[in-house]
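Below is one structure, written out as structure tokens; the observations come after it.
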Amino acid sequence: MRYLITGGAGFIGSHLAEELLARGHCVSVIDNLSTGSITNIEHLKPDDNFTYVIDDMANEPLLAELIDNCGVVFHLAAAVGVKLIVDSPVHTIETNVYGTRLVLKHAAKKKRKVVFASTSEVYGKSIKVPFSEDDDMVLGSTKKSRWSYAASKAVDEFLALSYAKEKKLPAVVVRLFNTVGPRQVGHYGMVIPTFITQALAGGPITVFGDGTQSRCFCYVKDVVSGLISLSETETAVGDVFNLGSDEEITINELAAKVRQLVNPAAKIEHIPYDQAYEEGFEDMRRRKPDISKIASLIGFKPTKNIDEILTLTADYIRNSSGDRN
Ligand SMILES: NC(=O)c1ccc[n+]([C@@H]2O[C@H](COP(=O)([O-])OP(=O)(O)OC[C@H]3O[C@@H](n4cnc5c(N)ncnc54)[C@H](O)[C@@H]3O)[C@@H](O)[C@H]2O)c1
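The sequence shown begins at 976 in our numbering and counts up by one.
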């Protein structure tokens, strides 16, 4: 099978490419390197089954040709990261909505399967935890730019499911929860690489808000296995799945674990949201998935707990600092 990965030089995309190649498949990647990096795919270049183009998915003729030449599209390219979203909401909305529209339009023409990477952010401020696929979305005001990411991904979901219904496009929507591991970078507001890098540099480890907000972190290789299994499961088509870990931890607990593991001398400092992001910034208090649906369909179960994930990620950052961009 030939797979196309949009955003394949990104964090999750590069692990996905690696795994598909290891399973003997052919992989093509399109990435504009806006948040991804060529170093993420450097080790894949010698593989004859691997090809890549550095370009924007908005290059429609090129995208159409890449889709034409593949059997399945993993659509991962997007504007991501809370910091980037708050700073560049126009870029976020345009990239996510326009890029997805193009992918779906061309995949529908050729009836190629599309696995779309959505996000747990679409649950917004909902307090009905854990989040189940059929739950309501509770997004904040349109005056708060942080919700533009969730809203743009929600429009993408509507579009993917509508293409599935109306145009018989085989599409699967996957809501990824916090995914972590080697190659993730902290520049765009990703918490684990940020904390580890801060601790390695002597601190302080900066916790935004009061730190009582919680998250569930899933190891990237578990997420990749889940994505591949869903792409291979016919009954997943036209449906939505949560994919992530349900092991919940507060950000204060996370900071303490990183300090303990990386540098017990590092201080932990709290920074108000207004200062960290923008005036009136709203966070999701808890973000825990109900993973019973994906567990019963493909037997998904995370294999790594938070301590193992932190150890693997800290080792990676220690060994690679200097050669990441
Ligand atoms: N990492 C997470 O915790 C997480 C959680 C929820 C959802 N997701 C989703 O998973 C996907 C991958 O995220 P990631 O964490 O690997 O982030 P990432 O930034 O590493 O990957 C996104 C990739 O898309 C590329 N890209 C962006 N705009 C593009 C464009 N117009 N044309 C071509 N390439 C473009 C970037 O250069 C980057 O390589 C995204 O769609 C994201 O919304 C990730």
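We put the beta carbon where it would ideally sit given N, CA and C, even for glycine.
Spatial neighbours of Thr1208 in its own chain (CB-CB distance under 7 angstroms, excluding positions within 5 residues in sequence) are listed in chain order as Leu1272, Ile1273.
Set against 8 angstroms, the gap from the CB of Asp1258 to the closest heavy atom of ligand 1 is not smaller.
Around the CB of Ile1005, 16 or more other CB atoms lie within 10 Å, so the residue is classed as buried. For the options Tyr1073, Ile980, Ser1120, Gly1177, the alpha carbon positioned closest to that of Ile1243 is the one of Gly1177.
Its Cα nearest to that of Arg1262, the residue Thr1187 stands out among Ile1029, Thr1187, Lys1232.
Around Ala1270, the same chain offers Lys1276 as residues with beta carbons nearer than 7 angstroms, after the five sequence neighbours per side are excluded.
Excluding five sequence positions before and after Gly983, the CB atoms of its chain that fall closer than 6 angstroms to its own CB belong to Ala992, Val1004, Asp1006, given in chain order. At least one heavy atom of ligand 1 lies closer than 8 angstroms to the C-beta of Gly988.
The segment 1008–1090 is shown to contain whole beta strand (DSSP E) runs of 3 or more residues at 1025–1029, 1047–1050, in chain order.
When the beta-carbon positions are compared, Arg1087 and Val1047 come within less than 9 angstroms of each other.
Taking Ala1211 as the centre and dropping the five residues before and after it, the same chain places the C-beta of Val1147, Leu1205, Leu1272 closer than 7 angstroms to its C-beta, in chain order. Cβ-Cβ separation between Leu1218 and Leu1151: approximately 5 angstroms, consistent with a contact (criterion under 8 angstroms).
Under DSSP, the beta-bridge partners assigned to Thr1225 are Ser1189. For the pair Asp1110 and Gly1099, the Cα-to-Cα distance works out to about 11 angstroms. Annotated as proximal: Ala1039 and His1081, with beta-carbon spacing under 9 angstroms.
A straight-line Cα-Cα distance of about 40 angstroms links Val1002 and Gln1235.
Within the model, the alpha-carbon separation for Ile1016 versus Glu1257 is close to 35 angstroms. For Gly1164, the closest alpha carbon among the candidates Ala1251, Glu1222, Arg1260 is that of Ala1251. Scanning Leu1287, Ser1095, Val1104 for the CA closest to the CA of Asn1153 turns up Ser1095. Counting C-beta atoms within 10 angstroms of its own C-beta, Phe1133 has fewer than 16 neighbours from the protein chains shown and is therefore classed as exposed.
The residues Leu1079, Ala1083, Leu1144, Ala1146, in chain order, have a CB closer than 7 angstroms to that of Tyr1138 in the same chain once the five nearest residues on each side in sequence are set aside.
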